[in-house]
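Be aware that the sequence shown starts at 93, since it is given in the numbering used here, and climbs by one per residue. Below is one structure, written out as structure tokens; comments come after it.
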Amino acid sequence: MAKTKQKKQHAPAKTPAGRFFQRLGVILGTLLLICVTTCAILACYGAIYVQNVIMPEVEKSSINMVTSETDLSSAIYYYDHSSGSYAAAQTLYASENRVWVSLEDIPQNLIDATVSIEDKRFWTHKGVDWRRTAAAVKYMFTGQRIQGGSTITQQLIKNLTGNDETTVRRKVLEIFEALEFDRNHTKEETIEWYLNAIYLGHGCYGVSTATEKYFGKQVSELTLAECASLISITNNPSKYDPYSQPDNNLQRRNLVLDLMCEQGYISESQRDSAKAEKLNCVYGSDTGNSETLGSDSEYYSWYTDAVIEQVIADLEDQYGYDETTATNLIYSGGLQIFSCLNPDVQKQVDAVYTDSANFAQYASRRGQALRSGITVVDNATGAVVALAGGAGEKVGNRIWNCATDTLRPPGSSIKPIGVYAPAIEEDLVLPSSAEDDTPFMENSDGTLWPVNSEGYYSGLTDVDHAVTESLNTVAVKVLDTLGLQNSYNYLTEKFGISTLVTNYETSTGAVKSDLNYAPLALGGLTKGISTLEMASAYAAFPRNGVYTHPYLYTVVTDSNGKVILSNGDYDVAFDDNKQATITGQASSKTILSERTTFYMNSMLQNVVTSGTGTSARLSGMTAAGKTGTTTDDYDRWFVGYTPYYTAAVWTGYDSQETINAAVNPACVLWQKVMSSVSQGAEDTGFQSTLQTVQCSYCSSSGKLATAACRAAGCAKTGTFVVGDEPTTYCDRHYYDSKGNMILNYSRTGAAAKARISGEVSFIRKKPVKKKEPPKKADTEKTDEETAETGEEATDHEEQTEEDSPKDDEQQDEKPKDETETGGDTPETEETE
Ligand SMILES: [Zn+2]
């Protein structure tokens, strides 16, 4: 209101129209000035930006495009120790999933259909359609996503350079690249490339492969309707999939036909008769990723498959490519991939894994064949040198790989990496540390948790024994001491396990977390672990605590020999004969001290020599490792190592079913592979520079053993890193004044409710010696020092006899009638 008043006062002489035009002039003038200034500033910035940022990238991508043009096949190399040079393991021909078709074999209808739907001014623009670009910019300013406006040339560039970002910077770069490209290529070349490069779903790159796939014929034989249907797919291969979305495809096909008619490529009658045609797709047996269109009947090896997947993943990761583009580069980018394949080791793996006799006996009750995957890591480098993703003959390329793709709960094979190594590293336990093999807790239904696989509790024991016999109780208790988060961090951040979850919603809507006792101590993980990650995690033990992320190649170069991917600081140089020399090493980190790995190596060797992993024993080669078994024997694992190689083996079925096998099949497979791999190699044992000392300790207390400990069968000889050896004597075993051996240990809570087998808690002094025999047994009880000890003995009286063989062995030296195990059970029940 105030404003209008003012205006009226200051401009009384002018007419309303005059005032209006005067003010309009001022406003327009100001706006123009602002515009000009802004544009000038923007132009300056723009010029600098184009000069410094865009043009170098345009040049760079032109190089890439030239690369694709001149050499389409990539190759995977391995180091051949016998010749001392790199040899080709596999050539990846573009023809395997892309059959190049030249322009003269492409029907005019297909070209016209493409131009009609994708880029109607294609034949006249200079690589960029400014009208569409302007429209796209307008959309952008109105807050919509930057999309559309791309010419065929721009789409081709996106396809060749693989950059699929939708940033302004990317779009600007693409415009300059398109202009540059259009200057150097004819329209015919552009459309030919385009039609050979586009992704058309179901693993088909280019129109030739896709025509074969969807219509079972050659490109030149395509009808008008088929041409329109085919080109409809490329906009969104899953949305316009002729197999799964025939209606969508048909709808877009008809749109293409309308546009072709509108733009004068076909007559109305041609359009109508084409529209009247049904989709006549061929449902080939060849589906998914299998790339059998080439003449090669041999499939890639499991290793080659895994290398391809890793390079694709790394290209996506490091360059922001989408999967299609990264895949294109693999097959047609002329890449040189220097793999870590060790053909000798792979040969041994293949010998075991392709022999169906090694698997036939494990068919399930319902008739499922046993599945298995193995990953082998070289301890010297941390590189993955061999793997097998399935049993028997391989049936396709880039198929499901049980070594790298299968995720299954690792069971107890998680204990060394989730519990024991971290606990030793954190100085919480030693192999000699005493733990109580009793339940950790009581469930709400009164059951005790956890239970051991053997079904009984054995009371006080040392960590070494708990690892050897895979006691679940001790793993849970040590985990409790370590802390759940600490364990989780070790697994995810140090041992490189990438598949743990803390907030995972299952298909049924349940939310699961691996940050808990059963997953971290007993391996009941929500998603599971692959053998690939398991092998690399365990390899830290023989590698003195050095962890290296699993890698299958050292470097990948483009066709000019320029390194585009490197694992660590690997580099490659080529001599005049194009022979490669690779230098450098993978990026690694020390996650455990040598002290920790010394103890782990010692305990995991005991697993193989005398524990749950004896069927993995090798002749003439030191071996260490850990078994893993999941609920109802659905999955069985063995992860182990020699001084030279670490291998993780998983066995199980596609659909969960119990493995009925007396001996862990993973152990057996591991043993078969590793015994041949170890042939002729010197058994060096696990090397350590640490000074060690042996001493006799008590497995019930972890302290120096006394005569009482020896009497109780609890004295063990252990090797300690100097400084770690116990210095005080066991206070749990002692002789009372009557000369009876007493175990001074009490239990509360869930532990007190468990029945314990094999624990020697009381040994009556031998009656016939210097002293007179005690008159009454009753007096012994009154001499006991604590009430707790008395209760202990009472508890044990109720126990049934369930001796473990180990304890029997330990008691062999003593007269049987003097030992009271598992409570005061009658001596007559003792058996040999
Ligand atoms: Zn003792």
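For glycine and all other residues, C-beta sits at the position ideal for the given N, C-alpha and C. Quantities reported herein were computed from a predicted structural model and do not represent experimental measurements.
Endpoints, the alpha helix (DSSP H) within which residue i is located
{"i": "His641", "result": "No alpha helix (DSSP H) contains His641, which DSSP labels as neither H nor E."}
{"i": "Thr719", "result": "Thr719 -> not in any alpha helix (DSSP H); beta strand (DSSP E) instead, spanning 716 to 721."}
{"i": "Asp406", "result": "394 to 411"}
{"i": "Trp285", "result": "279 to 289"}
Nearest residue (CA-CA) to residue i, options the options
{"i": "Ala452", "options": "Ser849, Lys845, Ile751", "result": "Ile751"}
{"i": "Lys212", "options": "Thr243, Thr183, Ala226, Ile249", "result": "Thr243"}
{"i": "Val596", "options": "Ala443, Gly620, Asn493, Ile168", "result": "Inspection of the sequence shows that residue 596 is occupied by Tyr rather than by Val. Minimum Cα distance to Tyr596 is reached at Gly620."}
{"i": "Ala443", "options": "Gln410, Ala478, Tyr411", "result": "Ala478"}
{"i": "Asp823", "options": "Ile834, Lys830, Val813, Asp816", "result": "Ile834"}
{"i": "Gly772", "options": "Arg345, Ala558, Leu761, Tyr736", "result": "Tyr736"}
{"i": "Gly615", "options": "Glu817, Asp406, Trp729", "result": "Trp729"}
{"i": "Asp397", "options": "Asn489, Asn544, Ala181, Arg458", "result": "Asn489"}
{"i": "Ser838", "options": "Gly744, His825, Ile325, Val348", "result": "His825"}
Backbone CA spacing between residue i and residue j [nearest angstrom]
{"i": "Gln763", "j": "Asn698", "result": "16 Å"}
{"i": "Tyr645", "j": "Glu851", "result": "52 Å"}
{"i": "Ala753", "j": "Ala631", "result": "28 Å"}
{"i": "Ser321", "j": "Pro334", "result": "8 Å"}
{"i": "Val469", "j": "Asp497", "result": "17 Å"}
{"i": "Ala480", "j": "Ser336", "result": "33 Å"}
{"i": "Thr784", "j": "Tyr454", "result": "44 Å"}
{"i": "Ser312", "j": "Ile198", "result": "6 Å"}
{"i": "Thr811", "j": "Cys787", "result": "7 Å"}
{"i": "Ala708", "j": "Ala797", "result": "32 Å"}
{"i": "Tyr486", "j": "Tyr392", "result": "For clarity, residue 486 is Lys in the given sequence; the question names Tyr instead. Straight-line Cα distance between these residues: approximately 8 Å."}
{"i": "Gly519", "j": "Met626", "result": "Note that residue 519 corresponds to Asp in the displayed sequence, not to Gly. Near 24 Å, if we compare the C-alpha coordinates of Met626 and Asp519."}
{"i": "Thr706", "j": "Tyr291", "result": "52 Å"}
{"i": "Glu415", "j": "Glu401", "result": "10 Å"}
{"i": "Asn328", "j": "Lys367", "result": "21 Å"}
{"i": "Glu884", "j": "Val543", "result": "Residue confidence is low: Glu884 scores 39 on pLDDT, short of 50, so the model does not pin down where it sits. Its coordinate-derived value is still stated next. Answer to the nearest angstrom: the Cα atoms are 21 Å apart."}
{"i": "Gly653", "j": "Ser166", "result": "12 Å"}
{"i": "Leu571", "j": "Thr738", "result": "25 Å"}
{"i": "Ala672", "j": "Gly744", "result": "41 Å"}
Limits of the unbroken beta strand (DSSP E) element including residue i
{"i": "Tyr423", "result": "Looking at the DSSP string, Tyr423 is not in any beta strand (DSSP E); the run it does join, the alpha helix (DSSP H), is 415 to 424."}
{"i": "His825", "result": "825 to 827"}
{"i": "Tyr169", "result": "166 to 172"}
{"i": "Ser788", "result": "784 to 790"}
{"i": "Met833", "result": "833 to 835"}
{"i": "Ala180", "result": "177 to 184"}
{"i": "Asp529", "result": "526 to 529"}
{"i": "Arg856", "result": "Run containing Arg856: none; DSSP gives neither H nor E here."}
{"i": "Asp727", "result": "727 to 733"}
{"i": "Leu657", "result": "655 to 658"}
{"i": "Ala480", "result": "476 to 480"}
Ligand 1 heavy atom lying under 8 Å from the CB of residue i
{"i": "Cys432", "result": "no"}
{"i": "Cys806", "result": "yes"}
{"i": "His173", "result": "no"}
{"i": "Thr809", "result": "no"}
{"i": "His825", "result": "yes"}
{"i": "Ser524", "result": "no"}
{"i": "Cys822", "result": "yes"}
{"i": "Cys790", "result": "yes"}
{"i": "Ser767", "result": "no"}
{"i": "Ser550", "result": "no"}
{"i": "Ser793", "result": "yes"}
{"i": "Cys801", "result": "yes"}
Proximal residues to residue i (C-beta, below 6 Å), its chain only, five neighbours per side dropped
{"i": "Leu607", "result": "Leu576, Tyr580, Thr594"}
{"i": "Asp221", "result": "Arg213, Thr243"}
{"i": "Val647", "result": "Phe430, Val655, Ser658, Tyr662, Val664"}
Residue i Cβ short of 8 Å to ligand 3 heavy atom set
{"i": "Thr798", "result": "Ligand 3 is not part of the structure shown, which contains ligand 1 as its ligands."}
Beta-carbon contacts of residue i that lie in its chain and below 7 Å, excluding the five residues immediately before and after
{"i": "Ala843", "result": "Asp528, Thr530, Pro531"}
{"i": "Thr688", "result": "Ala513, Ile516, Glu517, Gly637"}
{"i": "Lys331", "result": "Gln337, Asn340"}
{"i": "Val348", "result": "Ala205, Ser208, Ile209, Ala320, Ile323, Ser324"}
Own chain residues within Cβ distance below 8 Å of residue i, not counting five before or after
{"i": "Ser387", "result": "With a pLDDT of 30 at Ser387, under the threshold of 50, the predicted position of this residue should be treated as unreliable, and no value is reported."}
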